[in-house]
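Colleague: All letters in the sequence shown, in the order written, are residues 3 to 56 by the numbering used here.
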Amino acid sequence: MGKGTSSFGKRCNKTHTLCFRCGRPSFRLQKSRCSAYVYPAAHLRNSSNGFRFR
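#1: Can you give the Cα-Cα distance for S37 and H45, rounded to whole angstroms?
#2: Which residues in the same chain have their Cβ closer than 8 Å to the Cβ of C21, if we skip the five residues on either side of it in sequence?
#3: Could you name the residues that DSSP lists as bridge partners for R35?
#4: Helix, strand or coil: how does DSSP classify T19 here?
#5: Measure the alpha-carbon distance for R13 versus C24 and round it to whole angstroms.
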């Protein structure tokens with residue numbers, strides 16, 4: 003199956019929804035975890051270059 007009309011019916015499931023803490027649509031439903039703020043963890047997600055994800 004290609005990427006045409008017949009394959010668009012399989013794209014109806016949602017992987018992310020709104021996060022309870024930050025309000026972004028980055029809360030992954032299967033893992034129950036926010037990809038932006040790492041909710042339900044108490045700490046914020048940060049990278050090695052000093053940039054804090056907000």
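By construction, the Cβ of each residue, glycine as well, lies at the ideal position given by its N, Cα and C atoms.
Modeller: Considering the structure as presented:
#1: One C-alpha to the other measures close to 13 Å.
#2: These residues qualify, in order along the chain: P27, S28, F29, C36, A38, Y39 and Y41.
#3: Answer is R30, bridged to R35.
#4: If DSSP states are grouped into helix, strand and coil, T19 belongs with the strands.
#5: Spanning the two alpha carbons is a distance of roughly 26 Å.
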